[in-house]
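Asker: Residue numbering for the sequence shown follows full-length UniProt numbering, starting at 1 and increasing by one per position.
From the three backbone atoms N, C-alpha and C, an ideal C-beta is built for every residue, glycine too.
Here it is, the structure in full.
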Amino acid sequence: MRRLMPVPQGGPFAALKASRWVPARGASAAGARRRPLPAGLVIGATIFGLMVLLALFAPLLVGDPKQPDIANLLARPLSDGHLFGTDTLGRDLFARILYGMRISLLVAGLGMLGAMTLGVSAGLLAAFGGRWAETIVMRLVDIQLAFPYVLLAIALTSVLTPSIPVLVLLMVLAGWAAFARVVRSSAMQERAKDYVKAATLAGASRTRIARKYVLPSLLPPILVLGAMQMAMMIVFEATLSYLGMGIQPPTPSWGGIMLEGQRYLKDAWWISTLPGIGILLTTVSLNLIADGLQKRFGARLGEV
């Protein structure tokens, strides 16, 4: 008697799902040996994690960053109990840098998440919404990428008073287009693959295909771009504060502290230099994370 092939249970996507998540060659039943994380990813994540912890626990580590001390004007680092010295009003610079880091990470983090949400949604709409949706979204992306960010900041801050919500909105408007372009390009490549064609033939809606099948495949480039965008937003926020369009004094911000110290570079170099080092460490750590994620995901995707 002729044997019949068994039919996969669980609907038309059961065999398809199994084929997409097959372990890499050489993996045993107990699990494949995990590839070690890239060194850059470990270093970047360690530095960034320490900075996040310092920002979170700043109220427990330092005093009031706005409290002046007339007896300790322009105290040098490591003097009179001030690790990073003091500024022109005698305020503890270490406290001001930690509180400025809290604001920078908050603005950049919320701005990146908002830009990611808006950009990913727009990119999927361009990839699965038809010709008109793609044309409209991509023209908006081109306009946004061609518009200078500083002019956008000037236009927005001339209408609205500079504050944390306004800065977050500005970060979202400045960053969503990059996510939309990357997601749209990657989603178009995924649309040509067999599992998307099978889902289409099975009658799955475009919304379901985009959300359930395509979006999980786009997480690696989205995470890499997210780390890079957050680094850029930290620099952007510091630039706006330095130009007077960001966080307003006496609230500490990295760009604002650098602006206050620029007149004293010869006699009090630490006021502007130490916040600049903080910006450098944060952006370098985020770029190391982005590069490490790209290497990690690229290696894994290449093996499957």
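Excluding sequence positions up to five away, which residues of its chain have a Cβ less than 6 Å from the Cβ of F128?
Answerer: For F128, where only same-chain residues beyond five positions count, the Cβ hits under 6 Å are R206 and A210.
Asker: Return the bridge partner residues of T86 from the DSSP annotation.
Answerer: DSSP, once it has assigned bridges, lists D92 as partnering T86.
Asker: Give the straight-line distance between the Cα atoms of M138 and T157, rounded to the nearest whole angstrom.
Answerer: Rounded to whole angstroms, M138 to T157 spans 26 Å at the Cα level.
Asker: Using CA coordinates, which residue listed in K295, R296 and T282 is at the minimum distance from T46?
Answerer: When only C-alpha atoms are compared, the closest one is T282.
Asker: Taking the beta carbon of V159 as the centre, do at least 16 other beta carbons fall within 10 Å, making it buried, or is it exposed?
Answerer: Classification of V159: exposed, given that the 10 Å Cβ count is below 16.
Asker: For the segment 212-224 against the segment 176-186, do three or more pairs of beta-carbon atoms, one drawn from each stretch, fall closer than 8 Å, so that the two count as touching?
Answerer: Contact between the segment 212-224 and the segment 176-186 is present, because at least three Cβ pairs lie under 8 Å.
Asker: Going by Cα to Cα distance, which pick from L225, K66, L151 and V120 is closest to Q294?
Answerer: The residue with the shortest Cα to Cα distance from Q294 is L225.
Asker: Helix or strand or just coil, what does DSSP make of S163?
Answerer: In this structure, S163 counts as coil in the three-state DSSP scheme.
Asker: Please list the terminal residues of the continuous alpha helix (DSSP H) segment that includes L269.
Answerer: The sequence given here places Trp at residue 269; Leu does not occur at that position. Looking at the DSSP string, W269 is not in any alpha helix (DSSP H), and its letter there is neither H nor E.
Asker: Let's test the definition: count the other Cβ atoms within 10 Å of the Cβ of W176 and tell me whether it reaches 16, buried, or not, exposed.
Answerer: Looking at its Cβ environment, which holds 16 or more other Cβ atoms inside 10 Å, W176 is buried.
Asker: Expressed to the nearest angstrom, what Euclidean distance is found between the alpha-carbon atoms of L41 and D291?
Answerer: Each residue's Cα considered, the two are about 7 Å apart.
Asker: Check whether the segment 90-108 touches the segment 69-82, taking contact to mean three or more Cβ pairs, one atom from each stretch, closer than 8 Å.
Answerer: Contact holds: three or more Cβ-Cβ distances are below 8 Å.
Asker: Any contact between the segment 100-113 and the segment 227-244? By contact I mean 3 or more CB pairs, one from each, below 8 Å.
Answerer: Cβ pair count under 8 Å is three or more, so yes.
Asker: State the Cα-Cα distance for the pair M188 and L215, rounded to the nearest angstrom.
Answerer: Using only the alpha carbons, I get a separation of about 12 Å.
Asker: In angstroms with no decimal places, state the Cα-to-Cα distance between G276 and P59.
Answerer: G276 and P59: Cα-Cα distance of roughly 22 Å.
Asker: Could you tell me which whole alpha helix (DSSP H) segments of length 4 or greater appear in the segment 37-82?
Answerer: Counting whole runs of 4 or more residues, the segment 37-82 contains the alpha helix (DSSP H) stretches 39-56 and 58-61.
Asker: Report the rounded CA-to-CA distance for S241 versus S163, giving the unit in angstroms.
Answerer: Straight-line Cα distance between these residues: approximately 11 Å.
Asker: Starting from L259, trace the alpha helix (DSSP H) both ways and give me its first and last residue.
Answerer: Counting along the chain, the alpha helix (DSSP H) containing L259 begins and ends at W254 to G261.
Asker: For L53, which of G130, V172, P36 and M101 has the nearest alpha-carbon?
Answerer: Comparing Cα positions, the closest option is M101.
Asker: Quick one: Cα of S121 to Cα of R208, how far?
Answerer: So the two alpha carbons sit approximately 13 Å from each other.
Asker: Rounded to a whole number of angstroms, what is the C-alpha to C-alpha distance between Y99 and Y213?
Answerer: Distance between the alpha carbons of Y99 and Y213: 42 Å.
Asker: Using CA atoms only, rank isn't needed, just tell me which of L170, A133 and G244 is closest to G114.
Answerer: Among L170, A133 and G244, the Cα nearest to that of G114 is on L170.
Asker: Using only CA atoms, which one of L37, R34, P38 and G49 lies nearest to S285?
Answerer: Taking only the C-alpha atoms, the option nearest S285 is G49.
Asker: Could you tell me the boundaries of the alpha helix (DSSP H) in which Q229 lies?
Answerer: Taken as a continuous stretch (DSSP letters only), the alpha helix (DSSP H) holding Q229 covers L219 to Y242.
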